[in-house]
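Here is the structure we will look at, set down as structure tokens.
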Amino acid sequence: MKKINKGILALIVALAISAIDIFYIGNGYSQLLLALAASFAVFNMPAIPDKLKKLPYSKLILFIANIVLLVFTFKHKVLLVNMLLLSYLIWSAVTPFFQKFKSFLPVTFLMCFAAVYAASFLGFSVPLFIFVFYPVYALGFLSHEKNIIKTPKIWLFAFLNLAGAAVLLVLFMYKALGQSVLSSILFTNITKLGTVTAVYLPFIGLFMAWFAASGNLIFHMLTSGFEKGNTAFDLSDYFKPVFSFISFFVFVTVITFLCEYSIRQEITATITDMLHPNIMFNILVLCSLYMCLISLFGKGISNVLLSIVAIFLTIANFIKFTYFDEPFYPWDLYMFKNLIGICKDYLNIPIVIGVLIILAGLIFLLVKFRKNVLSYLKPGFNFVIMPFALILFLLNANVLTDYRLSVQVGVQRSWYIGKAEILANGMYAQNYYYLTDLEKYLNPKPDDYSEETMQAISDKYPASVDNSVTASTVGGAVKSAEKPNVIAIMSESYWDLTKLNGLSFSKDVAETVHKYQKGMLAPPAIGGGTANTEFEALTGMSLYFMSPGIIAYNAYLRTETPSIASVFKDNGYSTTAIHPNGGWFYNRDKVYNYFGFEKFYDVSSFDMNTQTKGPHISDYALVDKILETLNSSDKPAFIFAVSMENHDPFDNKYSSFDVNVESDQLNSSQKSIINGYAQGLYDADQSLGKLIEELKKSDKPTLLYFFGDHAPRLGTLDDYYSVYDKLGAKQDSELKQGIGELKYYTTPLVTWSNFREMRSFSSIISPSHLSYEILKDAGVDHPNYFNIMPQLEEKYPIMHLKNMGLVDPDDELVKDYRLIQYDLLFGNKYLKSGN
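Start counting the sequence shown at 74; every next residue gets the next number (my numbering).
Right, here's the structure in full:
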């Protein structure tokens, strides 16, 4: 009697919720109540009397009718009654066959999770009801017409399952409220929900199925009695699968938490971020990898492998963030010897003893319980998990490689690598990007690299000219015993706008530059990548030997690296870097120290209330800081300054203008960009003029160098060539040198001195040639390797990734240059002090 009543009750509930679904348009919470009521009907479907068996082909006819109904309602709304009937027909047909397999019930939960995740990426509606509610039906089928064993242990197990599923369901639904998840909670209509929903919805579907199955089973246990002749249903048979399920997610969550904590180093922030879409996606990435390993090697080996990787990443990132405030990069393994050196400074006897005790304890436990360890690590192939592991793995790979999908969860490959990127992308996604880009970051040791080779190169390029400082006079050159002050200014986005056709200016925006310009540079970047131009100019090295997209400051500089700053410092100069931006950007707060700068003034050394023009510190304030630094030095000074005022975006940047630019070929948005950029150029030019006028008053010999880091973005991030291409640029110098493809890369070079004539450059050169030119003009002693630069300038004035055909890589000169760069950046620095 109880069986018939429960089946009829389930039928009544199914009819009632079907009617509500058709006639009532509720909110997400009403959809949730319908879903829970539907789970009762689904769980008790096996108890509904099957009268259709007596009618030939009745189920087939009903199945076809439901398919037809689904086709007609698919685009508008999939009806719950349609899903209930269709699901019942399919489930009742396949379940008697699949229920014979031991892993049948756990697999239904896996299928639920994988199906929801996969469907979230499709561009059309997918009724997932049949997958999400199948575990509920499966448990109802397995327990139908059976005497359920009811021991205290089983009751506790059932209620713990219900409570755990409820907590997790509420937690995930709370996090996903803003992601339109509740309206899809019935899993009848899932339409283009996108990646953000995809990272929550599979867990919601899984935990709802788990909660519904547990709740309905408990209700069934409460309302069913012992019936003679029925077989027993022992819930303890599922203790192990449930424990494995829980331990799987606990393991994934714990190692993800540890890895993310090593980045943030704050427990509260890590806990808060764990349910953010980007970290949820990282958890899904780890889930798919973990499942793949389990399917191939078994759970024991998989746990050990992932634990080793997670512990390594956690410790490596914790150390890097603690001492360098940046993530661990795979290529950091090249600097393992430096890590050992750093550790020596922090090791003491108690730490060493503690580590040895821990290692001895681990060895003892492994030996004592070796049989258990070997049993735990016994390999095994799991055919059941494999297809689901592959589905999840391929879906995650698709997200990682498709910008349109990954950006929805805040995960994306960036040209810049550092703290912000690993925080945004999460540990696993960011390390995936590291590994896929690994080849371009690796710099294997050249076959002919050795101390003897580097000594031979040093001997090959001795100083060929007298480096003493000369003072220009009417009667000829005389020697100056006083070391000159040296100032180098790299001006943000400085490019000669007057080269563009079709523009008219109310005044010359580059009056000072045009007056003192001595040449042109071909920086390695356009629109960004300031640090790479800076790297070349300060070190004499070239981005030509690196892969596209590399930012040397971020990728490679972790130790003391020779630069003209260190050379000036060795010659008794004070060395100062000035950049009115955050010192952390491009790792300048560390790199400048590695380069030999004694002081670094970042934006914190300026007043954002009084010294700004537009959103940034003005170029006039930068010049004031240069003069202040120069006048306060009791030694000859080398000052390297990087401006900030003329950083993009340029539209709506200034409230007033000193110069106006007109063009009948540009739209209003483009004119706004051009006018904003022109004002920044004007300020940079006028501040340069102010600096020169102040230096003219000084009786101290001074050298001044001014150049642009790169041409500007005159448009959007995706289309910053639009204005260039629309107007066209004068490119006589570029065409004469055969570098027309670099026409938008070249920037002006100004050199000036108050005591000598400055050289004019007949060719456009790479910024790397500036380093030797500055050292030569200053007349300071420098390592011999800098003396390769005159020969390189004569033969290869430009070494640029944009036009690699300009350089013969088999030329002995180029090979020597490459070895010099390898030695100073990645090798043993044999040349660091060789004179």
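All C-beta atoms, glycine included, are put in the ideal place defined by N, C-alpha and C. Since we're looking at a predicted model, the values are computed, not measured.
* DSSP state of Phe454, grouped into three classes? -> Three-state DSSP puts Phe454 in coil, outside helix and strand.
* Over what stretch of residues does the beta strand (DSSP E) that includes Leu777 continue unbroken? -> For Leu777, the uninterrupted beta strand (DSSP E) run begins and ends at Thr775 to Gly781, by DSSP.
* Asked: For the beta strand (DSSP E) that Gln590 lies in, which residues bound it at each end?
  -> Looking at the DSSP string, the run of the beta strand (DSSP E) that includes Gln590 is Gln590 to Leu594.
* Is Lys552 buried or exposed, if buried means 16 or more other CB atoms sit within 10 Å of its CB? -> Residue placement at Lys552 is flagged as unreliable, the pLDDT there being 42, under the threshold of 50; a coordinate-derived value is accordingly withheld.
* DSSP on Ile893, reduced to helix/strand/coil? -> Here Ile893 sits in helix by DSSP.
* Return the first residue and the last residue of the beta strand (DSSP E) that Asn558 is part of. => Per DSSP, Asn558 belongs to the beta strand (DSSP E) from Asn558 to Ser564.
* To do: For Phe306, write down the residues that DSSP places opposite it in a beta bridge.
  => DSSP, once it has assigned bridges, lists Ile221 as partnering Phe306.
* Asked: Between the stretch 219 to 227 and the stretch 301 to 310, do three or more beta carbon pairs fall short of 8 angstroms?
  -> At 8 angstroms Cβ cutoff, the stretches touch.
* **Assumed close pair Ala271, Ser193 - CB separation to whole angstroms, cut-off 8 angstroms** => The Cβ separation is near 3 angstroms, so the contact holds.
* State the beta-bridge partners of Val586 as determined by DSSP. => Val586 has no beta-bridge partner at all, per DSSP.
* To do: Would you list the one or two residues that DSSP bridges to Pro460?
  => Pro460 pairs with nothing; no bridge assigned.
* In the DSSP assignment, what residue or residues form a beta bridge with Leu573? -> In the DSSP assignment, Leu573 is bridged to Ala802.
* Taking Phe113 as the reference, which of Leu897, Ala211 and Phe578 has the closest Cα? -> It is Ala211.
* **Length of the line joining the Cα atoms of Gly813 and Lys591** => Put simply, the backbone Cα of Gly813 is about 20 angstroms away from that of Lys591.
* Measure the alpha-carbon distance for Asn719 versus Ala236 and round it to whole angstroms. => Cα to Cα, Asn719 sits roughly 59 angstroms from Ala236.
* Asked: Shortest alpha-carbon distance to Ser317 belongs to which of Val180, Leu244, Glu846 and Ser728?
  -> Of the candidates Val180, Leu244, Glu846 and Ser728, Val180 places its Cα closest to the Cα of Ser317.
* Asked: When the Cα atoms are used, what is the spatial distance from Ala714 to Cys332?
  -> Distance between the alpha carbons of Ala714 and Cys332: 38 angstroms.
* Asked: If we call anything under 8 angstroms between Cβ atoms a contact, is Thr824 one with Leu594?
  -> At a Cβ-Cβ threshold of 8 angstroms, Thr824 and Leu594 do not count as neighbours.
* Asked: In terms of residues, what are the limits of the alpha helix (DSSP H) holding Asp319?
  -> Here residue 319 is Ile; the residue named in the question, Asp, does not match the sequence. Start and end: Phe312 to Arg337.
* Asked: Between Lys663 and Trp657, what straight-line distance do the alpha-carbon atoms span, to the nearest angstrom?
  -> The C-alpha of Trp657 is placed about 8 angstroms away from the C-alpha of Lys663.
* **Beta-bridge partners of Pro821, as assigned by DSSP** => Answer by DSSP bridge pairing, in chain order: Met593.
* Backbone CA spacing between Val880 and Ile340 [nearest angstrom] -> If you take the alpha carbons of Val880 and Ile340, they lie about 52 angstroms apart.
* **Exposure of Leu898, with buried meaning 16 or more beta-carbon neighbours within 10 Å** => Taking all protein chains shown into account, Leu898 has 16 or more neighbouring C-beta atoms within 10 Å of its C-beta and is therefore buried.
* **Ala92 - DSSP class collapsed to helix/strand/coil** => Helix, per DSSP.
* To do: Let me know if Gly453 comes out buried or exposed under the rule of 16 or more other beta-carbons within 10 Å of its beta-carbon.
  => Label assigned to Gly453: exposed.
* Asked: Start and end of the alpha helix (DSSP H) containing Tyr210?
  -> Unbroken alpha helix (DSSP H) run through Tyr210: Tyr207 to Ser216.
* Through-space distance from Leu616 to Leu570, alpha-carbon basis -> Spanning the two alpha carbons is a distance of roughly 26 angstroms.
* Collapsed DSSP secondary structure at His720 in the structure displayed -> In the structure shown, His720 falls within a coil segment according to DSSP collapsed to helix, strand and coil.
* Could you work out which residue in Glu584, Ile85 and Pro635 is closest to Phe608 when comparing CA atoms only? => Looking only at Glu584, Ile85 and Pro635, the smallest Cα-Cα distance to Phe608 is reached by Pro635.
* Enumerated in chain order, which unbroken segments of the beta strand (DSSP E) with a length of 3 residues or greater are wholly contained in the stretch 376 to 403? -> For the beta strand (DSSP E) assignment, the stretch 376 to 403 encloses no uninterrupted run of at least 3 residues.
* What is the DSSP secondary structure of Val115, counted as helix, strand or coil? -> Judged by DSSP in its simplified three-state form, Val115 adopts helix.
* Among Pro856, Phe578, Phe116 and Asn355, which has the Cα closest to the Cα of Asp737? -> Nearest C-alpha to Asp737: Phe578.
* To do: From the DSSP output, in three-state form, read off Tyr506 for me.
  => Under the three-state reduction of DSSP output, Tyr506 falls in the helix class.
* Under the three-state reduction of DSSP, which class applies to Leu438: helix, strand or coil? -> Residue state, collapsed to three classes: helix.
* **Simplified DSSP assignment, three categories, for Ile871** => Three-state result, Ile871: coil.
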